[in-house]
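Protein chains in written order, with our numbering: chain A, 1 to 267; chain B, 1001 to 1260. Think of the CB as a built atom: it goes at the ideal place given N, C-alpha and C, for glycine as much as any other residue. Here is the structure we will look at.
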Amino acid sequence: MADRLEGRVALVSGALRGIGRAIAECLAADGATVILTDLDAEDSPAVAEALSEMRGSAYISLDATQEAAWQNARDRVEQDHGRLDILVNNVGADLTGKVQDLELAAWRRLTALNLDSVFLGTKTFQPLLARTGATTPYGSSIINISSIMGLVGMGEVSAYNASKGAVRLFTKSNAIEFADAGVPIRVNSVHPGFVETPLLWQGMDRWSKRDGTLTAQQLVDAMAQGTPVKRLAQPVEIGKVVAFLASDDASYMTGSEVVVDGGWTAR
Amino acid sequence: MSNFDLTGAVALVTGANGGIGSATVQALADAGARVIATDMPADAQIAGADSYRQLDVTDEAAWTALADHIAGSHGRLDILVNNAGISVTGSIAETSLATFRKCMAINVDGVFLGTKAMEDLLARSGADRKGGSSIINLSSVGGLRGAAYMSAYCASKGAVKLFTKSTALEYAALKKPIRANSVHPGGIDTNMMDTIYARYVETGLFADEATARATVAAGHAVGRMGTPDEIATGIVYLASPAASFMTGSELVIDGGMTAH
């Protein structure tokens, strides 16, 4: 299996930390050349550290909410690699709070990061993915990271729920659009449950400060206890799913949603 | 890459003589598992299988005997693929209760009995295996969406979908290291589909089998039928440690059919 993504080129947004980092590592471990993108400057120590971990990887600084930034990334991928087989739209942030307390500006920032980024990444890279997909047995693969919060609601998570629900249906629409047009790109969404990432801890810190009754640790423990398997996921458990969807092993999967949630939504 | 490596694992596949079943046996074996294949015939040669056993999945005593046999011969079971199933195609008006019950017995009782009989073995083996043991139940897109003239089949596959989720939650609550997930294939080129086309023609739904197949194929966004291998790879994934946080989930492999 070490070579099942040999010769394939992948781009992962939000790739320096958390789930995105694990995705990049899993794709690289399966033989792909991985282009990491994130907000960090290209000469930052975090970038050097990540690239040293992954043989043959590259980094492009990318604000995923900016169309021009995506176009720049596309031009560089075309020039440096000449192909793109796998696009993982992973970048995202969280936002919690009562609807009454949400500022429109914050809502729009979240939507831009979680949803516009998927639209822009897909739109910008579609031609290159399609060209590349025509040269491989089962085409290219787009994997959009939604969430169990794109399947079921939770109190005070409305903006995040809305953005991730949108990603779920955007994915299905893409899958049908490309299939109908004979464009060789599969498109699927992944729905992680609660994953132990820096983003999760930051979010729980904010929730704790706002709520004032529970510590971040207590909130995280409650999440683990609220999950049927009584633990959080590790990022690599999401990365491996993405590596599967990226590979020819998932050749008949398009428009599907893969739920990786330790049983949370089985209830 | 150890993500999908099943070396050292023992797997049981029911309905192993069929299209998806035989592809699953081969794929699990390719990933390193020792596979016990079962089906209705007294004997069968199934490529990749370590051994073959006759099994009527509706027979509880047969399941118990098989569990004893596996405990004795292999000492463990890591992967149970409840794949055995039949289709029933016909209007509700012309479907007899006996036919309906036969469909439920094979497609649903079979999953219940297999899960129940193998639970202890799976729990023991799962305790020393990364990601635990894995039960994979074959549902269908027919367990997610209805289809005309497929009421018994759809009912049975819907039952498998929810039985799987309940199984996942129960084992998690009991801290048994067994994951349970369902797989939902779209239209796959198998003998079962050929039977369905023939029945479609008999019921007058289509003029001929070629038209039936073309119509079914066109129901997939990708405009083609799937192959058994394309389901087997998904099953290997769910069986492997790569899916360690997946339990109670549905893996839909349908060329975009239910994305509509």
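Its chain contains Leu1006, Ala1009, Ala1011 as the residues whose beta carbon lies nearer than 6 angstroms to that of Ala1033/B, once the 5 sequence neighbours on both sides are disregarded; these appear in chain order. Nearest Cα to Thr197/A within the set Ala181/A, Glu67/A, Ala58/A, Ala93/A: Ala93/A. DSSP places Gly1018/B outside both helix and strand once states are collapsed to three, so it counts as coil. Ranked by how close their Cα comes to the Cα of Ser1140/B, the residues Ile1188/B, Ser1091/B, Ala1016/B have Ile1188/B in first place. Within chain B, the residues placing a beta-carbon under 7 angstroms from that of Asp180/A are Ala1221, ordered along the chain. Under DSSP, the beta-bridge partners assigned to Arg1034/B are Val1010/B. Interface criterion not met: the Cβ of Phe1163/B is under 9 angstroms from no Cβ in chain A.
Per DSSP, Asp3/A lies in no alpha helix (DSSP H) segment and is marked neither H nor E.
For Asn72/A, the enclosing alpha helix (DSSP H) has its first and last residue at 67–80.
Note that the C-beta distance between Val99/A and Ser158/A is below 9 angstroms.
In this structure, the straight-line span from the alpha carbon of Lys230/A to that of Ser141/A is close to 32 angstroms. Nearest C-alpha to Ala1159/B among Ile1106/B, Ala1148/B, Ala1243/B, Ile1036/B: Ile1106/B.
Of all residues in the stretch 1245–1260 of chain B, only Phe1245, Met1246, Thr1247, Gly1248, Ser1249, Glu1250, Leu1251, Val1252, Ile1253, Asp1254, Gly1255, Gly1256, Met1257, Thr1258, Ala1259, His1260 place a beta-carbon less than 9 angstroms from a beta-carbon of chain A. Taking 7 angstroms as the cut-off between beta carbons, none of the residues of the stretch 1142–1163 of chain B comes near chain A.
In this structure, DSSP gives Ser1051/B an extended state, which the three-state scheme calls strand. Among the CB atoms of chain B, one or more fall inside 9 angstroms of the CB of Gly262/A. At the C-beta level, Gly150/A and Ala1168/B stay beyond 9 angstroms of one another. DSSP places Ala10/A inside the beta strand (DSSP E), whose first and last residues are 9–13.
Restricting attention to Thr1227/B, Ser1249/B, Glu1250/B, Asp1254/B, the CA atom closest to the CA of Gly1018/B is found in Thr1227/B. For Thr1115/B, no CB of chain A lies under 9 angstroms from its own CB, so it is not counted at the interface with that chain.
For the stretch 140–181 of chain A, the full-length alpha helix (DSSP H) segments reaching 4 residues or more read 158–180 along the chain.
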